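Numbering (this note's numbering), first residue to last: 1173 to 1235.
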């Protein structure tokens, strides 16, 4: 099962996703983490190639 949750900033997407993923025992991915490489001081933007690779890996996981 794959669920894509959209909404504006601060609308509760992450909270909802965590709840659904826990109840259904499915993995959860935050789209921002495909775009950004998280750093302690400041985040770095991933290249399109790296972003697309991470996204495809997530999408291709078995259901």
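Glycine is no exception: its CB is placed at the ideal position from the N, C-alpha and C atoms.
The structure presented is a predicted model; accordingly, all values stated were derived computationally and were not measured.
Cα-Cα separation, residue 1213 to residue 1176 = Distance from the CA atom of residue 1213 to the CA atom of residue 1176, rounded to whole angstroms, is 29 Å.
Is it true that the CB of residue 1206 sits closer than 9 Å to the CB of residue 1230?
-> Cβ distance < 9 Å, so residue 1230 and residue 1206 count as in contact.
In its own chain, which residues sit with a C-beta less than 8 Å from the C-beta of residue 1215, not counting the 5 before and 5 after it?
-> Beyond the five residues adjoining it in sequence on each side, residue 1215 comes within less than 8 Å, by CB distance, of 1208, 1209 in the same chain, given in chain order.
Neighbourhood of residue 1233 by C-beta distance below 7 Å, restricted to the same chain and skipping five residues each side | So the list reads 1199, once near-sequence residues are dropped.
Identify every residue that forms a DSSP beta bridge with residue 1217.
-> DSSP, once it has assigned bridges, lists 1208 as partnering residue 1217.
Close Cβ partners of residue 1173 (< 7 Å) along its chain, the five nearest in sequence each way excluded | For residue 1173, the CB contacts under 7 Å within the same chain, skipping 5 residues up- and downstream, are 1196, 1198, 1235 in chain order.
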